[in-house]
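Take the sequence shown: its letter number 858 is residue 858 in UniProt numbering, and every next letter is one higher.
All C-beta atoms in this analysis are idealised placements derived from N, C-alpha and C, irrespective of residue type, glycine included.
I have placed the structure first, in the form of structure tokens, so that the comments after it can refer back to it.
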Amino acid sequence: MVMIRLMEFLRIALSIIRSTGYLQALSKMKLPVTAPRDANIVFSEEDLPYEEDLLRNPFSVKHWLRYIDHKKNAPKNAVNIIYERALKELPGSYKLWYNYLKLRRRQTKGRCIIDPIFEEVNNAFERSLVFMHKMPRIWMDYCQFLMDQNGITRTRQAFDRALRALPITQHHRIWPLYLTFVKKHDIPETAVRVFRRYLKLCPEDHEDYIEYLISIDRLDEAAVKLGFIVNHEDFVSKHGKSNHQLWNELCDLISKNPDQVRSLNVDAIIRGGLRRYTDQLGHLWNSLADYYVRSGLFERARDIYEEAIQTVKTVRDFSQVFDAYAQFEDLSLIKRMEQAQNDPNPTEEDNIELDLRLARYEHLMERRPLLLNSVLLRQNPHNVHEWHKRVKLNEGQPHQIIATYTEAVQTVDPKLAVGKLNTLWVEFAKFYEENGQLDDARVVFEKATQVPFIKVEDLAAVWCEWAEMEIRHDRSDAALKLMHKATVMPSHKAAYHDETETVQNRLYKSLKLWSLYADLEESFGSFKSCKAVYDRIIDLKIATPQIIINYGLFLEEQNYFEEAFKAYEKGIALFRWPNVYDIWNTYLTKFLRRYGGTKLERARDLFEQCLEKCPPKFAKALYLLYAKLEEEHGLARHAMAVYERATSAVLPEEMFEMFNIYIKKAAEIYGVPKTRQIYEKAIEMLGDTNSREMCMRFAEMETKLGEVDRARAIYAHCSQICDPRVTADFWQAWKDFEVRHGNEDTMREMLRIKRSVQATYNTQVNMMSAQMVNVSGSAGTVADLAPGVKDGMRMLEAKAAEVAQMESRLVMPKGGNILFVRGETQGGDREGARVANPDEIDIDDEEEEGSGSEESGKEEEVPIQKQTVPSEVFGSLKKDDDDDD
Numbered sequence: 001m002v003m004i005r006l007m008e009f010l011r012i013a014l015s016i017i018r019s020t021g022y023l024q025a026l027s028k029m030k031l032p033v034t035a036p037r038d039a040n041i042v043f044s045e046e047d048l049p050y051e052e053d054l055l056r057n058p059f060s061v062k063h064w065l066r067y068i069d070h071k072k073n074a075p076k077n078a079v080n081i082i083y084e085r086a087l088k089e090l091p092g093s094y095k096l097w098y099n100y101l102k103l104r105r106r107q108t109k110g111r112c113i114i115d116p117i118f119e120e121v122n123n124a125f126e127r128s129l130v131f132m133h134k135m136p137r138i139w140m141d142y143c144q145f146l147m148d149q150n151g152i153t154r155t156r157q158a159f160d161r162a163l164r165a166l167p168i169t170q171h172h173r174i175w176p177l178y179l180t181f182v183k184k185h186d187i188p189e190t191a192v193r194v195f196r197r198y199l200k201l202c203p204e205d206h207e208d209y210i211e212y213l214i215s216i217d218r219l220d221e222a223a224v225k226l227g228f229i230v231n232h233e234d235f236v237s238k239h240g241k242s243n244h245q246l247w248n249e250l251c252d253l254i255s256k257n258p259d260q261v262r263s264l265n266v267d268a269i270i271r272g273g274l275r276r277y278t279d280q281l282g283h284l285w286n287s288l289a290d291y292y293v294r295s296g297l298f299e300r301a302r303d304i305y306e307e308a309i310q311t312v313k314t315v316r317d318f319s320q321v322f323d324a325y326a327q328f329e330d331l332s333l334i335k336r337m338e339q340a341q342n343d344p345n346p347t348e349e350d351n352i353e354l355d356l357r358l359a360r361y362e363h364l365m366e367r368r369p370l371l372l373n374s375v376l377l378r379q380n381p382h383n384v385h386e387w388h389k390r391v392k393l394n395e396g397q398p399h400q401i402i403a404t405y406t407e408a409v410q411t412v413d414p415k416l417a418v419g420k421l422n423t424l425w426v427e428f429a430k431f432y433e434e435n436g437q438l439d440d441a442r443v444v445f446e447k448a449t450q451v452p453f454i455k456v457e458d459l460a461a462v463w464c465e466w467a468e469m470e471i472r473h474d475r476s477d478a479a480l481k482l483m484h485k486a487t488v489m490p491s492h493k494a495a496y497h498d499e500t501e502t503v504q505n506r507l508y509k510s511l512k513l514w515s516l517y518a519d520l521e522e523s524f525g526s527f528k529s530c531k532a533v534y535d536r537i538i539d540l541k542i543a544t545p546q547i548i549i550n551y552g553l554f555l556e557e558q559n560y561f562e563e564a565f566k567a568y569e570k571g572i573a574l575f576r577w578p579n580v581y582d583i584w585n586t587y588l589t590k591f592l593r594r595y596g597g598t599k600l601e602r603a604r605d606l607f608e609q610c611l612e613k614c615p616p617k618f619a620k621a622l623y624l625l626y627a628k629l630e631e632e633h634g635l636a637r638h639a640m641a642v643y644e645r646a647t648s649a650v651l652p653e654e655m656f657e658m659f660n661i662y663i664k665k666a667a668e669i670y671g672v673p674k675t676r677q678i679y680e681k682a683i684e685m686l687g688d689t690n691s692r693e694m695c696m697r698f699a700e701m702e703t704k705l706g707e708v709d710r711a712r713a714i715y716a717h718c719s720q721i722c723d724p725r726v727t728a729d730f731w732q733a734w735k736d737f738e739v740r741h742g743n744e745d746t747m748r749e750m751l752r753i754k755r756s757v758q759a760t761y762n763t764q765v766n767m768m769s770a771q772m773v774n775v776s777g778s779a780g781t782v783a784d785l786a787p788g789v790k791d792g793m794r795m796l797e798a799k800a801a802e803v804a805q806m807e808s809r810l811v812m813p814k815g816g817n818i819l820f821v822r823g824e825t826q827g828g829d830r831e832g833a834r835v836a837n838p839d840e841i842d843i844d845d846e847e848e849e850g851s852g853s854e855e856s857g858k859e860e861e862v863p864i865q866k867q868t869v870p871s872e873v874f875g876s877l878k879k880d881d882d883d884d885d
């Protein structure tokens, strides 16, 4: 039964092949017929359902693909026959053709390119293109397949057919493969023609064409194409290159290959770039010179280098050109020297030429500073400093210096000048003066006074230099005339800072000019003329404190003392503090030196007028001068009043020094006891550090006077601002005092106060720390604290109560703010005091000494010794012994 069905299947298959007319169709297309190699086609029983479906649906691509998928593991020819049958029925199916061609190409893998199977696949592609000629994918696969076979002509023809068959919108898929093909093989002429066709479609790809032309050494056409894209401003580089970079590439190309680039005018192109790209002139100039060097035109190259260094405007471009120029001259010299060494019989002309090249090279190197200066001046012709530098470079060449100065003063615009333009005119005139041409120097100064400078001081400097030149040549009268001419008031007044007016109209208010005029009048003029100049300066309100002081000194030298004092008064009216300080200081000093105490009330009025608005910064010297006047010529109480005013009028950092002076003067005049009030005031006004020092001095003074209790009270008062951890010297001084003048109880009291003060400072530190820790929290009560913290707070409260109890025992003397402690020697016995003191402490040395006296049960009687009262107590009031008798 199976054999019957198999025979029936073969019969049907043969009938189908005959009915399709496959061989006749191939013959009509005139294509080579590729019959399967294995004519014995075997059908299996599994193929029958697919064949029956195809008989019912011969035009269904799905059924054919299903059948092909079923036969994917069958022999190649079997699958190929099914594809051929399918394409016979459906020749316009892109999917069938694509899969079939893909299968046939896969079957060629690993075969030699001369294998007939390649031709069969080519035949299949050709047959597919009869129907699929509008499909770019088929063309691309076909062309790629031909490229793999290395058939150049046939591949090129296939590419051309593809471009003709496909619409232009699909050409962009063919051209990349086509260009890859032509660049792969050494067919430059064909590739150039293909590129030219391609650039008509895609002109933006000129760079790829230029790169290919350079690679095949067709530099002339590459330069032409590069020049074409450089001249088009709207050209956008695919590689991100700017137009300037393309210009540089063009310059490099045409300058390094002068023998191959003949279609372009290299000189005109590079000069066009020089006009176009002014920020990269050095590279373009070097390219142009390099072109002539490679062309063998060395003199022309040298002219290009000279032109370049005379026209570039930046130091960078100059450095590039000069380095290339120096290298060119160096190589030229070395080459000539090698030729001279190889020539056994050099002629005189050869030696002259060698010397000429050597001299040319040396001259170039010597010119470098001057050439660089020229570059900077071309960059900014109004740079005064560079003009001065150029003059120095031309040192030793008078004609060049004169030409430089002349060019400078004609070129520099006063409104655009960088630097002081007046220095150019002044140096120009000094050059003529140094060479003995005074008339020419005066002509230069005369022209300089007419220049519209920006600042008045520049014009004033010119006039001053002119006058000083006349003085150097002993022409003082001419100098005074110049100053008089320069200071003449113009027809209409102009404000000094009014920039709308010319500097010539504002010159009459130049302080520099008037100062020189005053100096010249003092040296060479008369008293009246000099006084008139100073008065004119004051009237114009341009005087400075120094001018006023100079005026006063001048009048004093001429013995016009009252006139000098009037000048000082005018200066005081012109200025305010602090500018008037120097005038007041000079005025008061001169007045006291002149009159002393003869005009005491006038001097006092002057001092009061001066100190009325005197800032604390300048008060110290003036108060000391005032107090000195009162000491020497006035009353002692007036002097003390001045010192007392000075202690509060000076700066805080000067108060301590001023109090020391006050105390010293009070002790000299009234005696030491009078200084107690001053000490108390100083302790109250000064800061902690100075107040501590003042307390120690106060206590030392009281100790010398025998007032031990007062000294102890001062120490107790000062102890409240003395942290034992910081001011150990104070507590040591108090301890030494108690050791010398106190007893056991006073020592205990000192130690108790020390502990109290130390606890106070510790409490302050703890409170600050607690505030820093709890800065973000709310303030709580003692009851809200932890048990440990409660105990600490109770201790602090107990210590505070102890301090309050100690303060209640202090006695305030009349008329002061120092608390005095009543000692044991003033009342009561030591035993009762010892019992009444609950805070008994143990001390080492003092307690051991006191224990011996307690065991004996008797108090040692302290011998009373009479002491002489120091003479400082009475000061100037103390009388001699004879008077007392």
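Selection from the options that minimises the alpha carbon distance to residue i
i	options	result
residue 296	259, 305, 311	259
residue 679	668, 696, 53, 606	696
residue 646	616, 563, 404	616
residue 53	46, 388, 63	63
residue 443	425, 172, 150, 458	425
residue 530	519, 540, 539, 729	519
residue 709	213, 742, 719	742
residue 219	60, 252, 73	252
residue 46	70, 400, 65	70
residue 473	172, 346, 171, 430	430
residue 146	163, 177, 563	177
residue 733	719, 263, 744	719
Opening and closing residue of the alpha helix (DSSP H) in which residue i lies
i	result
residue 111	Premise fails: residue 111 is in no alpha helix (DSSP H) and is neither H nor E.
residue 422	422-434
residue 228	219-230
residue 725	No alpha helix (DSSP H) contains residue 725, which DSSP labels as neither H nor E.
residue 910	Since the first residue shown for the chain is 1 and the last is 885, residue 910 is missing from the structure and cannot be characterised.
residue 119	116-132
residue 365	348-366
residue 282	281-294
residue 717	708-719
residue 76	76-89
residue 552	545-557
residue 256	243-256
residue 542	Note, residue 542: premise wrong, no alpha helix (DSSP H); not H, not E.
residue 322	315-342
residue 681	675-685
Beta-ladder partner(s) of residue i, from DSSP
i	result
residue 384	Looking at the DSSP assignment, residue 384 forms no beta bridge with any residue, so it has no partner.
residue 418	383
**Report entry** At least three beta-carbon pairs within less than 8 Å, the stretch 227-242 to the stretch 276-293
**Finding:** Counting Cβ pairs under 8 Å, fewer than three are found: no touch.
Query raised in the report: Touching or not, the stretch 514-521 and the stretch 540-552, by the rule of three or more beta carbon pairs under 8 Å?
Result: Touching, yes, given that three or more Cβ pairs across the two stretches are closer than 8 Å.
Report task. Mind the definition here: the stretch 650-658 touches the stretch 666-675 only if three or more C-beta pairs lie below 8 Å; say whether that holds. Result -> Output reads no: the stretch 666-675 does not touch the stretch 650-658.
Query raised in the report: Does the stretch 324-333 come close enough to the stretch 394-414 to have 3 or more Cβ pairs within less than 8 Å?
Result: Touching, no, given that fewer than three Cβ pairs across the two stretches are closer than 8 Å.
Query raised in the report: Can you list, in chain order, the stretches of the alpha helix (DSSP H) that have 4 or more residues and sit fully within the stretch 431-465?
Result: Complete alpha helix (DSSP H) runs here, min 4: 438-448.
Report task. Ignoring anything shorter than 4 residues or poking outside the stretch 596-645, list the alpha helix (DSSP H) runs there in chain order. Result -> Counting whole runs of 4 or more residues, the stretch 596-645 contains the alpha helix (DSSP H) stretches 600-612, 616-633.
Report task. For the stretch 129-188, list the alpha helix (DSSP H) runs that are entirely contained and at least 4 residues long, ordered along the chain. Result -> With a minimum length of 4 residues, the continuous alpha helix (DSSP H) runs that stay inside the stretch 129-188 are 136-148, 152-165, 171-184.
Requested in this report: May I ask you to verify whether the stretch 433-441 touches the stretch 489-499, counting CB pairs closer than 8 Å and requiring at least 3?
Outcome: Because the criterion of three Cβ pairs below 8 Å is not met, the stretch 433-441 and the stretch 489-499 do not touch.
Report task. Check whether the stretch 184-198 touches the stretch 224-237, counting contact only when three or more Cβ pairs, one atom from each stretch, lie closer than 8 Å. Result -> The stretch 224-237 and the stretch 184-198 do not touch, with fewer than three beta-carbon pairs separated by less than 8 Å.
Report task. For the stretch 88-98 and the stretch 122-132, state whether three or more C-beta atom pairs, one from each stretch, are separated by less than 8 Å. Result -> Counting Cβ pairs under 8 Å, three or more are found: they touch.
Query raised in the report: Between the stretch 748-758 and the stretch 717-732, do at least 3 Cβ pairs fall closer than 8 Å?
Result: Per the Cβ contact rule, the stretch 748-758 is in contact with the stretch 717-732 (3 or more Cβ pairs under 8 Å).
Report task. Please list the segments of the alpha helix (DSSP H) lying wholly inside the stretch 502-532, counting only runs of 4 or more residues, in order along the chain. Result -> Within the stretch 502-532, the complete alpha helix (DSSP H) runs of at least 4 residues are 503-506, 511-524.
Query raised in the report: Taking one C-beta from the stretch 135-151 and one from the stretch 107-126 each time, how about it: are there three or more such pairs within less than 8 Å?
Result: Yes, the stretch 135-151 touches the stretch 107-126.
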